[in-house]
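All the letters of the sequence shown, read from the start, carry residue numbers 335 to 468 under our numbering.
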Amino acid sequence: MEQKAEWGLLFVRVVLAVIMLAHGVQKLFTMDQVVETFTQHLGLPAVIAYGTAMIEALAGLSLLLGFFVRISAFLFGLIMLGAIFMVKLDVGFFGNAQMRGYEFDLALLSICVLLMLTGSRKWSLGGENIKGRS
Numbered sequence: 335m336e337q338k339a340e341w342g343l344l345f346v347r348v349v350l351a352v353i354m355l356a357h358g359v360q361k362l363f364t365m366d367q368v369v370e371t372f373t374q375h376l377g378l379p380a381v382i383a384y385g386t387a388m389i390e391a392l393a394g395l396s397l398l399l400g401f402f403v404r405i406s407a408f409l410f411g412l413i414m415l416g417a418i419f420m421v422k423l424d425v426g427f428f429g430n431a432q433m434r435g436y437e438f439d440l441a442l443l444s445i446c447v448l449l450m451l452t453g454s455r456k457w458s459l460g461g462e463n464i465k466g467r468s
């Protein structure tokens, strides 16, 4: 059973990594628009926009390689909580015609919690691959 669980953890780790890495790279390539959205529409400082883009890109790559799995998942969890409570909560679970709801963010948050609690050792290049550590 443990072998199957590790394959499952690898799968969700890679899925989360690809999603977050893609969003981070997209933000980095459109940083002016991202900063404008964060500052003018969300009322957040520009540093949050830059930090979010960098975390999504770098922690996404780290997660994909299996480095700092729990830390990366924690950082993504913070981003998902911010997206839910600061952006999408008002439009509800399913959203509206202008914006989708927080159901996808909640699903990603659940993956983050899973990886924070368990880590992911399969095909991991990080310290969690060392026998006896989890």
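Every residue, glycine too, gets a C-beta built ideally from N, C-alpha and C.
Residue i: CB within 8 Å of a non-hydrogen atom of the ligand NAP
| i | result |
| --- | --- |
| residue 341 | In the structure on display, the ligand NAP does not appear, and there are no ligands present to speak of. |
For residue i, the residue or residues it bridges with in DSSP
| i | result |
| --- | --- |
| residue 429 | 434 |
Local Cβ density within 10 Å of residue i, reported as buried at 16 or more and exposed below that
| i | result |
| --- | --- |
| residue 365 | exposed |
| residue 433 | exposed |
| residue 415 | exposed |
| residue 380 | exposed |
| residue 390 | buried |
| residue 349 | exposed |
| residue 427 | exposed |
| residue 424 | exposed |
Cβ pair residue i, residue j closer than 9 Å
| i | j | result |
| --- | --- | --- |
| residue 346 | residue 449 | yes |
| residue 422 | residue 411 | no |
| residue 398 | residue 351 | yes |
| residue 446 | residue 417 | no |
| residue 454 | residue 377 | no |
| residue 358 | residue 402 | no |
| residue 371 | residue 383 | yes |
Beta-carbon separation (whole angstroms), residue i vs residue j, contact threshold 8 Å
| i | j | result |
| --- | --- | --- |
| residue 355 | residue 394 | 3 Å |
| residue 362 | residue 456 | That pair is no contact at about 29 Å. |
ask   = What are the uninterrupted segments assigned as alpha helix (DSSP H) that are 4 or more residues long and contained completely in the segment 363-433, given in chain order?
value = 365-370, 380-399, 403-417
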